[in-house]
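So the structure is just underneath, and the comments pick up after that.
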Amino acid sequence: MSRRSAFIAVIGAPNAGKSTLVNRLVGAKVSIVTRKVQTTRARIRGVAIEGDAQLVFIDTPGIFAPRRRLDRSMVAAAWEGIEDVDFILLVVDAQSMLAGPSKSTEDTDRILDELKRRGAKAILVLNKIDRLARPKLLKLIAELSVHDVFENTFLVSAENGDGVADLKGYIVGKAPAGEWMYPEDQLSDISDRLMAAEVTREKVFTRLHQELPYQSTVETTAWTRTGKGELRIEQTIFVSRESHRPIVLGKGGQTLKAIGEASRKELSEIFGEPVHLFLNVTVREGWADEAARYREMGLDIVD
Ligand SMILES: Nc1nc2c(ncn2[C@@H]2O[C@H](COP(=O)(O)OP(=O)(O)OP(=O)(O)O)[C@@H](O)[C@H]2O)c(=O)[nH]1
Ligand SMILES: [Mg+2]
990 MSRRSAFIAV IGAPNAGKST LVNRLVGAKV SIVTRKVQTT RARIRGVAIE GDAQLVFIDT
1050 PGIFAPRRRL DRSMVAAAWE GIEDVDFILL VVDAQSMLAG PSKSTEDTDR ILDELKRRGA
1110 KAILVLNKID RLARPKLLKL IAELSVHDVF ENTFLVSAEN GDGVADLKGY IVGKAPAGEW
1170 MYPEDQLSDI SDRLMAAEVT REKVFTRLHQ ELPYQSTVET TAWTRTGKGE LRIEQTIFVS
1230 RESHRPIVLG KGGQTLKAIG EASRKELSEI FGEPVHLFLN VTVREGWADE AARYREMGLD
1290 IVD
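Numbering (our numbering), first residue to last: 990 to 1292.
Here is the structure:
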């Protein structure tokens, strides 16, 4: 039987809904999602099979004007994500594009400029259409189609799934002949240890605010099975300042407890067995300059 396979990079400004879309296309949670920008830090592959075609979606960090080393490494990882792919999906938050000039519109403009500079073609994915009326969307499509970058446009809601089947069908129809890259039952390329760290980081992003999510990272430090066959997972939350530790802990340890409980619950579901989760908070001023921290995240460190 002849098979087909395609690599599809999913890029866009922070918070456009890239990870939500990849999860929707794969039909499982492979990448964490939060309301905050810069949630995804490294490339994550999610795999879907449709008939004879295997589609490998590459979720990427949002592209923005980076300041810190971590930001620069994330943005570099996103651009590397479009190398050697068959398709590029540029995900745009339609609602924020129509709300007038913002960081998000600036980032999207910058991405369009870079795609043009590279002579790359992309599929425009206008996301979050559940929040907008159609006439407004048509105006936005007209505005964006002046850029000679898009080979096609799809209107979707990654959140409720509207339009996603059409987008997937289009990619399946155009997927080139090729061997499958992953076993049929594999949904993503990230290890269980990294996935577990990501799930906890999602809870950190959800429960902590201002600069704290951006000044922290989570690593899985131990992974063992208890005598009863339950998973015992130990993780460290690195923060960069002593003053952050009490915030992560919360009054009487309540915040850390809530983070741990939410993560433990989800990890038990993901791994299909009871999980005991132990979280430890470590102050490490320079973690964002340590190669080992980037390695754990699956990110190449840049200067
Ligand atoms: N209403 C609505 N919200 C959406 C939709 N897609 C994503 N969101 C929300 O938008 C926010 C950001 O979603 P993510 O999938 O994390 O966005 P991202 O582009 O991966 O963000 P970064 O990883 O930070 O670059 C979350 O609160 C999502 O629930 C959509 O179709 N409709
Ligand atoms: Mg993301």
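Don't be surprised by glycine CBs; every beta carbon is placed ideally from N, CA and C. Just so we're clear, the structure is a prediction, and the values are computed from it rather than from any experiment.
So, helix, strand or coil for Asn1269, using DSSP? When DSSP states are grouped into helix, strand and coil, Asn1269 belongs to the strand group.
Between the C-alpha atoms of Asp1075 and Ile1130, what's the straight-line distance to the nearest angstrom? 23 Å
What is the DSSP secondary structure of Gln985, reduced to helix, strand or coil? Residue coverage of the chain in this structure runs from 990 to 1292, which leaves residue 985 outside it and unanswerable.
If Gly1051 sits next to Ala1122, beta carbons under 8 Å apart, how far is it from one beta carbon to the other, in whole angstroms? Wrong, their Cβ atoms sit about 26 Å apart, outside the cutoff.
Short Cβ contact (7 Å threshold) for Lys1163 with Val1080: no
Please indicate yes or no: does the CB of Pro1202 lie closer than 6 Å to some heavy atom of ligand 1? No; taking the cut-off as 6 Å, the Cβ of Pro1202 has no heavy atom of ligand 1 nearer than that.
Using three-state DSSP, classify Val1161 as helix, strand or coil. helix
DSSP state of Thr1049 mapped onto helix, strand, coil: coil
Compute the minimum distance between the beta carbon of Glu1187 and the heavy atoms of ligand 1, and state whether it is under 6 Å. no
Could you round the C-beta distance between Val1015 and Phe1046 to whole angstroms and report it? I think they count as a contact, below 8 Å. 7 Å
Less than 6 Å separating the Cβ of Asp1096 from some heavy atom of ligand 1? no
Distance cut-off 6 Å: Lys1117 Cβ against heavy atoms of ligand 1: yes
Comparing C-alpha positions only, which one of Ser1229, Lys1128 and Glu1039 sits nearest to Met1086? Of the candidates Ser1229, Lys1128 and Glu1039, the one whose C-alpha sits nearest the C-alpha of Met1086 is Lys1128.
How about Lys1246: is its Cβ closer than 6 Å to a heavy atom in ligand 2? Answer for Lys1246: no, Cβ out of range of ligand 2.
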